[in-house]
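K.L.:
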Amino acid sequence: MRSLLGLPARPASKAAEAPGHTGSRSTKLLGLALLAGVVALCLFAFVFSPPDSRTGPEGTPIGQFDAVRIMYVHVPSAVWGYVGFGICALGSAVYLLKRSAWWDRLAHAGAEIGVVFCGISILTGMIWGRPVWGTWWDWGDVRLVTTLMLSLVYLGYLAVRSLAAAPAARESRSAVLGIVGVVLIPIVNRSVDWWEDRTLHQKSTLEELRIEDLTLFTLVLGFLVGGLAFAWLLIHRFRVAWLDAEAENSEMLAAIEERRSEASTLNGTVAQEVAGTATEAEGTGTGAEGAGTGAEGAGTGATGATGREGTGATGRERQMEASRR
Amino acid sequence: MRSVLLIAAKDLRIELRSRVFLYQVIPFAITTLVLLGFALDADRAALRNFSSGLYWVTVMLAALLTAQRSVSLERSSGAADAIRLSGVAAAKIFAGKSLALFVYLIVLELLMVLGIVVLYDATLTDAGLAAATAVVATLGIAGAGTLYGVLAAGSGVGETLLPVLLLPVLAPVLISATRAFGDALGASSVNGWAWFGLVGLCSLLYMLLGGLSYGPILEADS
Amino acid sequence: MTDCDAKLTGGGGLAVRLRGAVCLRGAFPALTGVNLNVDEGEAVLLRGPNGAGKSTLLRLCAGLAALRAGEGEVLGYDLRTESRSVRLEVGLVAHHMMLYEDLTVVENLEFWARLSGASANQAHVALRSLGVEERLHEVKLRKLSAGQRKRVSVAAVAMRRPRLWLLDEPHAGLDASGREALNEMINLARRSGATVLIASHEGASAEAVATRTIHLAGGAVWPSAPSTPDPWPATQPTATPSTADPSTAAQPKATPSTAARRRWRSRRLSARP
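Protein chains in written order, with my numbering: chain A, 173 to 497; chain B, 5 to 226; chain C, 7 to 279.
Pasting the structure below:
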């Protein structure tokens, strides 16, 4: 939840020094806006908006009183959670078509944020259900059950992502899972809906509530703030995923380098075996040389840029970072 | 089509020889049915009421085992590579493996109907609906099991990963097949054929998605 | 395939061309930048310590292992885009048997024959030429000895008449007559124009059929002893220009997207397939 409060307090100058951080000017602005939005939402949700004090035909109270306030978080987080799953499916589909790392990272970020938001929605739904329905879990609430099932599907997605594997393999596997999850949404929803047609739960909170202007405004504000939080988290999660992949890649390059340097010492003995002592020195010499050029070539291939061009890119990157500030 | 049948026939022939399904999966299913009876305190009325749900839960669990077996058959012998080398299209491999899985599960389901009739006192009032539901639902389970079996096994932790991935995805099939069976067993008064339609929709989707994505999954598996 | 065919299709081309090939096994870099040229019709012996990457190199050439970086062509097909065509024309004998334990010898071979479009007759011919006795044909693979299995799995490859043979420790577990039969088969394949890559620790048997030896260590090809009569064109001479190869090949792929996309996008790792 701390992350929802906006950027951690870190002076801009310090951020500039820290390499590989995920903040940028735009995300900081976004974070500030989010912070302000959270404050405003708290004020509207807890102070300005009225409790739900509807009365039935005989004057008996049927409203949800203060419990209605949880709706301002519950409903937006559910909607944004589904948006997250949608982004995951979209990213996965584009990944399978174009094999683009960018879309893969986006799908990963979308799934993770989606699970978090749906989790918040499920939790608040349960907290809300206790006073209003007298039960933590209501099987008749189709949307809640659907959301739980979907979250479980995407937890599986995250499980596959967390496994050590060749990057391309992991990406393909998770892309399939990401697509299947979203295709399932209507089916899960329909089956749960039919399964439990006891209409204990209000069909739509918005229709049933006597929406007063301030209530509606607060709900819209809730969607907006939820959207800001979603975007802020998504961008940062995406960047973390990207840095993770970069770290993984450089680890891989280091592993390749190490393997080759180990081999160059080994190669001496191999050459000895084959060539005998007379040509030993020569054999080792070319071997070491081969190690140098070869390792560079390997690094090259893996990053898609030569060693020199690679550093050039980082140099450009730093320049760009500097010019942004 | 020829290669689909070849692959399925090969799987079935291996099963006839190794008897893993006969001596391991079927006893597992019967044990589960008995355990569920214990868990429900052998309450006759409750068992009869819930027999369709217990039936399908048991089928799903047995399907997990069968799907795992179907994958490990290829992987342990290194035949997965050989199949890829044969140049057969991934969708055909998927169809062949699914078909074999389908046959196992249908046999199991037939036996289990006997099981719930004997153990849970269930009565089959609409055999047509039951048969149709079983066939269509099993197609979906077999398709999803084949796809996710390879996906999970390729990740290296198949035993634990497969249930986590497969069971949530099969939830709609469980719900709708249970309802349709409830009608077929006379335990509930829902419209079983409407539920059958939903089962069909699920299965169609699983087969479609499986056929399309089996290729990328197999290719990732290297 | 006849000699004539081989010459037509071969035309003295390269059967295998790898440049800076990097290949992962799980998260482990099994190949760390292989540069290798193999002419059509050659029989190349791959040597190197355990874990040098020999098996992965063979799997890569079979189109089974994915190329993570660098480039590769096998039998004129690009390994990234045309791996399916590669697979149809190579035969791989690997450590694990690639055969089903619960099927008989003949059932196994007929299954693979039908699946890959060969005839059942070819299966029997292959079995005969590898000296698998008639009495073993109806025996389950499970009951065969390691050497007998090896013969069967070589037969399963031979019946497909591949243009490129990839043999991973083919002599291991074979008795003298088995080795002889295998070498005979390899020579026969070479006479009809096929190319052979053998990974082996069994010096004598493998060297008997090999025209050239290359050394693998640490997932890369190392120049072998200069006393070898063959001037190994695959390794050292081409190494220097080839290091530039992958970068020039990968760079154009990466550049347009880098330019078009924003900062975070520009950190694309590589032009992955």
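Ideal Cβ placement from N, Cα and C applies to all residues, glycine included.
1. Let's see if you can read the secondary structure: which residues bound the beta strand (DSSP E) around C:Thr-38?
2. In the DSSP assignment, the beta strand (DSSP E) including C:Leu-226 goes from what residue to what residue?
3. Going straight from the alpha carbon of A:Ser-495 to that of A:Arg-197, what length do you get?
4. Straight-line CA distance for B:Gly-214 to B:Ala-148?
5. Going along the segment 310-341 of chain A in order, which residues come within less than 7 Å of chain B, judged by CB to CB distance?
6. Out of curiosity, what's the CA-to-CA distance linking C:Ala-58 and C:Cys-29?
7. Check each candidate in A:Ser-363, A:Leu-204, A:Ser-344, A:Gly-312 and name the one with the smallest Cα separation from A:Lys-270.
8. At a threshold of 7 Å, does A:Gly-398 count as lining the ligand SAM (C-beta to nearest heavy atom)?
9. Check whether the segment 95-102 of chain C touches the segment 56-73 of chain C, counting contact only when three or more Cβ pairs, one atom from each stretch, lie closer than 8 Å.
10. To the nearest angstrom, report how far apart C:Val-40 and C:Gly-82 are at their CA atoms.
11. Is there a Cβ from chain A that is less than 8 Å from the Cβ of C:Val-28?
12. Would you be able to state if there are at least three C-beta pairs under 8 Å between the segment 69-83 of chain B and the segment 193-213 of chain B?
13. Return the Cβ separation of C:Val-138 and C:Arg-157 in integer angstroms, given the expectation that the two are a contact with Cβ distance under 8 Å.
14. Does the Cβ-Cβ distance between B:Ala-146 and B:Phe-185 come in under 8 Å?
15. Listed from N- to C-terminal order along the chain, which residues in the segment 214-229 of chain C have their beta-carbon within a distance smaller than 7 Å of any beta-carbon of chain A?
16. So, is B:Ala-84 buried or exposed, given that buried needs 16 or more other C-beta atoms within 10 angstroms?
17. Determine, using beta carbons only, whether B:Ile-18 comes closer than 8 Å to chain C.
18. Closer than 8 Å, CB to CB, is C:Met-165 near chain B or not?
19. Exposed or buried, what is A:Leu-372 when buried is set at 16 or more other beta-carbons lying within 10 Å of its beta-carbon?
20. Just to confirm before moving on: does the CB-CB distance between C:Ala-200 and C:Arg-169 stay below 8 Å?
21. Determine whether the beta carbon atoms of A:Tyr-326 and A:Gly-353 lie at a separation below 8 Å.
22. Is the segment 217-224 of chain C touching the segment 31-48 of chain C in the sense that three or more CB pairs, one from each, lie closer than 8 Å?
23. Does DSSP classify C:Thr-201 as helix, strand or coil?
24. Is it right to say C:Ser-151 is buried, meaning 16 or more other beta carbons lie within 10 angstroms of its own, or is it exposed?
25. If I measure Cβ to Cβ from C:Gly-78 and keep anything under 6 Å in the same chain, skipping five residues before and after, which residues do I get?
26. I'd like the list of long-range same chain contacts for A:Val-360, defined as Cβ closer than 6 Å, with 5 residues on each side in sequence excluded.
27. Excluding five sequence neighbours on each side, which residues of the same chain lie with their C-beta closer than 7 Å to the C-beta of A:Leu-393?
28. Consult DSSP for B:Leu-114 and reduce its assignment to one of helix, strand or coil.
29. Quick check on A:Ala-485: does DSSP put it in helix, strand or coil?
30. Report the rounded CA-to-CA distance for C:Ser-159 versus C:Ala-129, giving the unit in angstroms.
31. So A:Trp-275 contacts chain B; which residues on that side make the cut at Cβ distance below 7 Å?
32. Can you tell me whether A:Ala-453 is buried or exposed? The criterion is at least 16 other CB atoms within 10 Å of its CB, across all chains shown.
33. Tell me, please, whether the CB atom of A:Arg-241 is closer than 8 Å to any CB atom in chain B?
34. So C:His-177 and C:Ser-135 are supposed to be a Cβ contact under 8 Å. How far apart are they, rounded?
35. Shorter than 8 Å from the beta carbon of A:Ile-294 to some beta carbon of chain B?
36. Identify every residue that forms a DSSP beta bridge with C:Glu-79.
P.N.:
Let me spell this out:
1. 34-45
2. The amino acid at residue 226 of chain C is misidentified as Leu; the sequence shows Ala. 226-228 is the span of the beta strand (DSSP E), which, as asked, contains C:Ala-226.
3. At A:Ser-495 the pLDDT is 43, less than 50, meaning the model places this residue with poor confidence; the figure from the coordinates comes in the next sentence. If you take the alpha carbons of A:Ser-495 and A:Arg-197, they lie about 11 Å apart.
4. 7 Å
5. Met-321, Leu-324, Val-325, Gly-328, Ala-331, Val-332, Leu-335, Ala-337, Ala-340, Ala-341
6. 12 Å
7. A:Ser-344
8. In terms of ligand content, the structure shown is empty, and the ligand SAM therefore cannot be addressed.
9. yes
10. 18 Å
11. yes
12. no
13. 5 Å
14. no
15. His-221, Ala-223, Gly-224, Gly-225, Ala-226, Trp-228, Pro-229
16. buried
17. yes
18. no
19. With a pLDDT of only 39 at A:Leu-372, under 50, the local geometry of the prediction cannot be trusted, and the value read off the model is given with reservation. Exposed, because fewer than 16 other Cβ atoms sit within 10 Å of the Cβ of A:Leu-372.
20. yes
21. yes
22. yes
23. strand
24. exposed
25. Leu-24, Ala-27, Leu-85
26. Thr-318, Met-321
27. Ala-212, Leu-213, Phe-216
28. helix
29. Per-residue confidence for A:Ala-485 stands at a pLDDT of 39, beneath the threshold of 50, marking its modelled position as unreliable; the derived number appears in the next sentence. Residue state, collapsed to three classes: helix.
30. 11 Å
31. Ordered by position in chain B, no residue passes the 7 Å Cβ test against A:Trp-275, which lies about 14 Å from the chain.
32. Unreliable positioning characterises A:Ala-453 in this predicted model, as indicated by a pLDDT of 34, which lies under 50. A coordinate reading is not provided.
33. no
34. 16 Å between Cβ atoms; not a contact.
35. no
36. C:Arg-23, C:Asp-84
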